[in-house]
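Trainee: One line per chain: the protein sequences are A and B, in this order. Heads up: the first sequence begins at 22 in the numbering used here, then just goes up one per residue. Heads up: the second sequence begins at 22 in the numbering used here, then just goes up one per residue. Every residue, glycine too, gets a C-beta built ideally from N, C-alpha and C.
2 protein chains.
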Amino acid sequence: MAARITHATTHDIRFPTSRSLDGSDAMNEAPDYSAAYVILHVDNGPDGHGMTFTIGRGNELCCAAIDAVAKLIVGRDVEGLFADMGATWRLVTGDSHLRWTGPEKGVIHLAAAAIMNALWDMYGKVAGKPVWQLISEMSPEDMASLVDWRYLADALPPEEAIERLQDKAEGRAERTADLLTNGYPAYTTSAGWLGYSDDKIRALVSDALGQGWTHFKMKVGANLDDDCRRAGIIRDEIGPARYLMMDANQVWGVEQAIANMGRLADYAPYWIEEPTSPDDILGHARIARAVAPIKVATGEHCHNAVMFKQLMQAQALEIVQVDSCRLAGPNELLAVMLMADKFGLPVCPHAGGVGLCELIQHMSFVDYIAVSATHDNRVLEFVDHLHEHFLVPVTTRNGRYIPPSAPGFSVEMNEDSLEKYRYPDGAIWT
Amino acid sequence: MAARITHATTHDIRFPTSRSLDGSDAMNEAPDYSAAYVILHVDNGPDGHGMTFTIGRGNELCCAAIDAVAKLIVGRDVEGLFADMGATWRLVTGDSHLRWTGPEKGVIHLAAAAIMNALWDMYGKVAGKPVWQLISEMSPEDMASLVDWRYLADALPPEEAIERLQDKAEGRAERTADLLTNGYPAYTTSAGWLGYSDDKIRALVSDALGQGWTHFKMKVGANLDDDCRRAGIIRDEIGPARYLMMDANQVWGVEQAIANMGRLADYAPYWIEEPTSPDDILGHARIARAVAPIKVATGEHCHNAVMFKQLMQAQALEIVQVDSCRLAGPNELLAVMLMADKFGLPVCPHAGGVGLCELIQHMSFVDYIAVSATHDNRVLEFVDHLHEHFLVPVTTRNGRYIPPSAPGFSVEMNEDSLEKYRYPDGAIWT
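1) Please report the Cβ distance between Asp46(A) and Asn281(A), rounded to the nearest whole angstrom; I am assuming they are in contact, meaning their Cβ atoms lie under 8 Å.
2) How many Å lie between Val375(A) and Leu42(B) at the Cα?
3) Take the Cβ of Ala289(B) as the centre, count every other Cβ of all protein chains shown within 10 Å, and call the residue buried at 16 or more, exposed below.
4) Can you list, in chain order, the stretches of the alpha helix (DSSP H) that have 4 or more residues and sit fully within the segment 74-152 of chain B?
5) Smallest Cα separation from Thr235(B): which of Tyr208(B), Ile222(B) and Gly216(B)?
6) Quick one: what does DSSP say His383(B) is sitting in, helix, strand or coil?
7) Where does Leu354(B) fall in DSSP's three states?
8) Give me whichever residues DSSP pairs with Leu215(B) in a beta bridge.
9) Which two residues bound the contiguous beta strand (DSSP E) that contains Glu294(B)?
10) Are Gly242(B) and Ala174(A) touching if we call contact CB-CB under 8 Å?
11) At the 8 Å Cβ level, is Tyr172(A) part of the contact set with chain B, yes or no?
12) Of all the residues that make up the segment 74-85 of chain B, which are near chain A by a beta-carbon distance shorter than 9 Å?
13) Any idea if Glu402(A) is buried or exposed, counting beta-carbon neighbours within 10 angstroms, 16 or more meaning buried?
14) For His396(B), count the other beta carbons within 10 Å of its own beta carbon; 16 or more makes it buried, fewer makes it exposed. Which is it?
15) Mind pulling the chain A residues with CB within less than 7 Å of Val275(B)?
16) Of the residues Ile60(A), Tyr444(A), Thr202(A) and Gly107(A), which one's Cα is nearest the Cα of Met474(A)?
17) Does any CB atom of chain B fall closer than 8 Å to the CB of Glu50(A)?
18) Considering only the beta carbon of each residue, do His406(B) and Glu125(B) sit closer than 8 Å?
19) For Met358(B), which residues in chain A fall below 8 Å Cβ to Cβ?
20) In whole angstroms, what separates the C-alpha of Glu50(A) from that of Leu245(A)?
21) Distance check for Ala337(B) and Lys221(A), CA to CA, integer angstroms please.
22) Between Ala29(B), Ile26(B), Thr73(B) and Val90(B), which lies nearest to Gly373(B) when the distance is taken from Cα to Cα?
23) Please confirm whether Pro124(A) has its beta-carbon closer than 8 Å to some beta-carbon of chain B.
24) Rounded to whole angstroms, what's the CA-CA distance from Lys89(A) to Arg347(A)? Just pull it up for me.
25) Quick test of your reading: Gly145(B) and Gly429(B), contact by CB under 8 Å. State the CB separation rounded to the nearest angstrom.
26) Hey, could you find the ends of the alpha helix (DSSP H) Ala56(B) is sitting in?
27) Which runs of the beta strand (DSSP E) fall wholly inside the segment 233-290 of chain B and span at least 3 residues, in chain order?
28) Could you name each continuous beta strand (DSSP E) segment of 3 residues or more that falls completely within the segment 167-199 of chain A, going from the start of the chain to the end?
29) Would DSSP call Leu401(B) helix, strand or coil?
30) Spatial neighbours of Val327(A) within its chain, please: C-beta separation below 6 Å, excluding the five flanking residues on both sides.
31) Sort out for me which residues DSSP pairs Ala318(B) with in a bridge.
32) Once DSSP output is grouped into helix, strand and coil, what is the label at Asp33(B)?
33) Cα separation between Asp437(A) and Lys238(B)?
34) Answer yes if the segment 303-322 of chain B comes into contact with the segment 123-140 of chain B, meaning at least three C-beta pairs across the two stretches below 8 Å, and no otherwise.
35) Which residues, in chain order, does the segment 364-390 of chain B contribute to contact with chain A at a C-beta distance below 8 Å?
36) Do Met384(A) and Ser345(A) come within 8 Å of each other at the CB atom, strictly closer than that value?
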């Protein structure tokens with residue numbers, strides 16, 4: 022019997038993380054990690070759960086935008102939507118009126134992300150597979166058909182994308198087996214939040230070393246002397262061989278980024294993340310040339326694949342930090358991963374927040390199995406917050422992500438959490 | 022007695038323009054021109070009216086975002102806000118939670134535009150001056166202080182901006198007098214909408230010629246043969262000496278834009294507007310090199326000054342089409358105008374829609390009086406729709422804009438219009 026999407030319900034879910042300064046950085050001093058959460062209800066078969074991520078105020082705008090975007094798919098037959106997920110992506114992002122309020126950026130694109138994530142969750146559940154498996158089993162042609170090539174073909178023609186996928190098709194089974202056994206490399210940001218005391222940082226880094234982590238990220242950008250002191254503490258703890266990454270969260274101008282990294286270079290950072298405005302492709306390119314061999318990383322606020330295309334074309338980034346809720350779901354993530362493969366750049370996704378780890382892991386597994394076919398120089402961000410709210414929380418072992426086997430996108434939250442953290446009338450807020 | 026902002030009211034105002042296909046183009050086939058309109062109420066003195074512009078669905082999202090942004094200024098003393106409008110801009114755009122849903126783009130930035138437009142309207146009314154006069158009478162230092170330089174100083178340091186403004190300060194009085202007597206050059210888009218028949222186009226162009234217009238814009242991008250036929254009709258009517266501009270409204274990929282302009286070059290267009298994704302700076306640069314001497318114009322969807330900076334740095338645009346509702350008000354428009362002056366590029370703003378002409382004229386006058394000090398090669402868009410809804414509608418004479426003398430930003434709508442076109446319960450919608 023055919024299934025049809027009957028309606029969508031949105032849920033404004035906010036966690037009061039600002040109370041403990043988890044997630045504090047130079048730009049975002051007191052975030053309340055939040056999910057604009059959507060359930061797509063069907064008349065037959067599993068519902069789809071999806072979300073986009075914000076840091077508190079404004080989450081209601083994303084919920085309202087999800088309501089607007091959901092109207093484009095309510096009443097549709099799910100088989101038809103799943104049969105051509107490329108067309109479905111264009112449907113969800115292509116309404117000319119809604120597009121005007123972006124286009125393909127900001128609140129309306131965050132809403133498209135939530136809807137696409139929910140559709141893929143439903144598709145995985147219908148197929149009885151986790152999303153990483155569903156996508157990585159697709160033929161190269163089907164995979165390429167997920168992407169909207171209109172604005173990307175000048176950098177990577179779809180025919181070339183298919184050829185590249187075909188070249189790597191052979192080892193898929195071995196890589197899948199490797200992943201299930203050994204997991205996918207990760208790094209931790211749990212220790213380096215700006216709001217933490219020196220003692221707390223030292224203790225957290227020490228703990229993380231004990232758990233097998235080898236890559237550590239810290240926040241910089243509020244005060245350069247403080248940044249140097251905190252970098253010194255972490256470098257002391259982790260020694261010279263492990264990796265220290267720095268994240269400025271966009272607070273610097275171009276010249277200032279170059280000057281400040283001159284001092285922070287003393288602590289041998291592996292990368293500097295978001296050194297300036299996420300929109301400043303040419304600025305990132307200048308910074309990249311100036312701070313080499315420190316690598317420039319960006320992407321959590323890179324709003325669409327067209328921006329990633331240019332960051333690559335301009336040699337402005339060396340670490341591709343896609344985000345599962347900023348880009349509009351697996352289709353657009355795949356577009357960026359295919360381009361990154363062509364440009365020879367590692368995809369090291371942004372995660373953390375709430376739900377971001379659960380979602381993005383699927384796409385790193387797809388990258389390894391089917392796209393780049395390697396995890397050399399790749400690390401997936403891990404932050405140990407808020408996983409307990411999900412039915413299928415991420416699993417890490419020895420600093421590596423272990424793939425989930427449950428069907429869907431791992432993004433479904435416990436009903437209790439949806440109730441308790443609902444803003445403004447859930448128990449935690451009243 | 023001090024005045025304080027007591028509350029904001031938002032108004033979802035939509036005009037059913039899709040019924041006549043006014044405003045139709047290849048991307049936006051049936052727009053309903055809409056205003057997310059805000060009134061900032063004070064306890065003493067004039068209220069401030071402002072708006073951002075959308076094309077229908079999604080206007081409610083901008084209204085909701087305006088409500089969220091307004092909270093940042095409700096309760097504030099207006100004198101304090103007006104005393105440092107640069108700080109006020111950072112206040113309105115700088116809330117870290119709301120910023121996450123942009124940053125500085127999409128729905129949240131459109132809302133910031135509405136709020137800033139309303140604040141400047143109020144400021145003009147308090148000062149008893151139209152906004153163009155208020156700003157163009159500021160000292161170079163005060164004018165430069167309106168701009169947030171953090172991400173722009175690498176292209177134009179504020180000290181250099183001040184020097185450039187000082188160099189042009191002397192002729193301000195003469196240029197103001199010239200403007201009041203002779204007006205500011207404009208062009209018309211009223212004839213070239215995609216949904217119009219050939220006969221209607223011919224008649225409208227003929228009418229416009231009679232009214233003294235010398236620049237004509239047409240929409241392209243739906244079907245190349247049709248585009249050529251319609252271009253031929255307009256070129257026939259206007260002759261070889263007048264200007265024909267083309268607007269593709271983002272429907273082409275980079276290669277496709279270059280190929281299609283190869284054929285459309287037969288009709289000697291002056292510029293091609295929005296040939297591809299508004300985010301594709303490097304794509305525009307490639308197109309600009311390929312289609313020269315046809316000029317590349319873009320900006321109505323260019324979401325912030327950081328993007329304009331790069332379009333200029335990359336030599337990707339030759340006509341700077343700022344929009345009063347896409348950029349966050351006069352502060353950010355001024356930033357782009359100052360950079361355009363440095364890069365030697367003409368600012369020819371986007372207008373049309375509803376309210377865009379009323380707002381943007383002020384900034385073209387500022388550009389002429391105080392920034393570029395010229396209107397050579399500048400034309401301001403004019404579309405003859407929906408002006409009747411404003412208390413102080415734009416005035417044109419012989420194809421030129423005549424500056425308004427009424428205090429404020431010319432954006433205040435008739436109460437009857439606010440009532441009748443309110444969505445979804447105004448008379449026009451029920």
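Mentor: Concretely, from the data shown:
1) Contact doesn't hold; Cβ gap of about 15 Å is too wide.
2) Taking the straight line joining both Cα atoms gives about 44 Å.
3) Under this definition Ala289(B) is an exposed residue.
4) Counting whole runs of 4 or more residues, the segment 74-152 of chain B contains the alpha helix (DSSP H) stretches 80-91, 99-104, 106-114, 117-121 and 127-148.
5) When Tyr208(B), Ile222(B) and Gly216(B) are compared, the shortest CA-CA separation from Thr235(B) is found for Tyr208(B).
6) Looking at His383(B) - three-state DSSP - the assignment turns out to be helix.
7) Note: Leu354(B) maps to helix in three-state DSSP.
8) Looking at the DSSP assignment, Leu215(B) forms no beta bridge with any residue, so it has no partner.
9) Per DSSP, Glu294(B) belongs to the beta strand (DSSP E) from Trp292 to Glu294.
10) Contact flag unset, no.
11) For Tyr172(A), the answer is yes, since a Cβ of chain B falls inside 8 Å of its Cβ.
12) Those would be Phe74, Thr75, Ile76, Gly77, Arg78, Gly79, Asn80, Glu81, Leu82, Cys83 and Ala85, in chain order.
13) Buried.
14) Burial call: buried.
15) Neighbours of Val275(B) in chain A, taken as residues whose beta carbon is under 7 Å from its own, are Asp175 in chain order.
16) Since the first residue of chain A shown is 22 and the last is 451, residue 474(A) is not available in this structure.
17) So yes, Glu50(A) belongs to the interface.
18) When the beta-carbon positions are compared, His406(B) and Glu125(B) stay at least 8 Å from each other.
19) The contacting residues do not exist; Met358(B) stays about 19 Å from chain A at best.
20) Glu50(A) and Leu245(A) have their C-alpha atoms roughly 16 Å apart.
21) Taking the straight line joining both Cα atoms gives about 49 Å.
22) Gly373(B) has its Cα closest to that of Thr73(B), out of Ala29(B), Ile26(B), Thr73(B) and Val90(B).
23) Pro124(A) counts as touching chain B.
24) Checking the displayed sequence, the identity of residue 89(A) turns out to be Ala instead of Lys. Their Cα atoms are separated by approximately 18 Å.
25) The C-beta distance from Gly145(B) to Gly429(B) rounds to 4 Å, short enough to fall under 8 Å.
26) First-last for Ala56(B): Ser55 to Val63, but that is the beta strand (DSSP E), not the alpha helix (DSSP H).
27) Counting only runs of 3+ residues, the beta strand (DSSP E) found wholly inside the segment 233-290 of chain B occupies 236-240 and 264-268, in chain order.
28) As far as the segment 167-199 of chain A is concerned, it has no whole beta strand (DSSP E) run of at least 3 residues.
29) In the three-state reduction of the DSSP assignment, Leu401(B) falls in the strand class, which pools E and B.
30) Only Tyr172 meet the Cβ criterion.
31) Looking at the DSSP assignment, Ala318(B) forms a beta bridge with Glu294(B) and Ile340(B).
32) Correct three-state label for Asp33(B): strand.
33) For the pair Asp437(A) and Lys238(B), the Cα-to-Cα distance works out to about 57 Å.
34) Because the criterion of three Cβ pairs below 8 Å is not met, the segment 123-140 of chain B and the segment 303-322 of chain B do not touch.
35) Answer set for the segment 364-390 of chain B: empty.
36) Ser345(A) is a Cβ neighbour of Met384(A), given a cutoff of 8 Å.
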